[in-house]
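As structure tokens, the structure follows; a few thoughts come after it.
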Amino acid sequence: MAEISDIISKEVKDPRVHAITITSVKVSDDLRNAKIYFVEMGKDECSNEIRTGLTKATGFVRRELGKRLNLRLVPEINFFHDQSFGYGSRIDKILADIARQDAKND
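Anchor point for the sequence shown: position 9 equals -1 in this note's numbering, and the numbering is continuous, going up by one each time.
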């Protein structure tokens, strides 16, 4: 995960992808596929610009990952917006609203 973050933040020239944070990487049992989950800093939703930038950078990221980790077989990588952060912030807001309502009623 750290290598992928480093490649995206330091090696990819496309400025559209610099505002993301990699949250997790899931590799298939046969090591042929990797799902890379990310969030856009400061936003719950992912912009089309970032999706386009990541799609265009996929081949480069894969090649760099193979070089850095000295892998014979580099998994196919796919990027997915991590929606769990958005869910978490909505739940936090709901809980805060409930706490305020309870404090008001007491």
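Every residue gets a Cβ at the ideal spot worked out from N, C-alpha and C, and that includes glycine.
Just so you know, these numbers come straight off a predicted model, no measurement behind them.
Quick test of your reading: I(-3) and I26, contact by CB under 8 Å. State the CB separation rounded to the nearest angstrom. Between I(-3) and I26 a beta carbon distance of about 11 Å is seen, past the 8 Å cut, so the two are scored as non-contacting.
Does the distance from the C-beta atom of R6 to that of T42 stay below 8 Å? Between R6 and T42, the gap from beta carbon to beta carbon is short of 8 Å.
Expressed to the nearest angstrom, what Euclidean distance is found between the alpha-carbon atoms of C36 and F69? Straight across, the Cα-Cα distance linking C36 with F69 is about 11 Å.
Less than 7 Å between the CB of I(-3) and some heavy atom of the ligand ADP, yes or no? With respect to the ligand ADP, the structure offers nothing, as it holds no ligand at all.
Quick check on this structure: which residue in I84, V2, A(-8) and D96 has the alpha carbon closest to the alpha carbon of T45? When I84, V2, A(-8) and D96 are compared, the shortest CA-CA separation from T45 is found for V2.
How about S14 and D82: do their beta carbons lie closer than 8 Å? Result no, Cβ atoms of S14 and D82 do not sit closer than 8 Å.
Ignoring anything shorter than 3 residues, give me the beta strand (DSSP E) runs that lie fully in the region 34 to 76, in order along the chain. Here the runs fully enclosed are 66 to 71.
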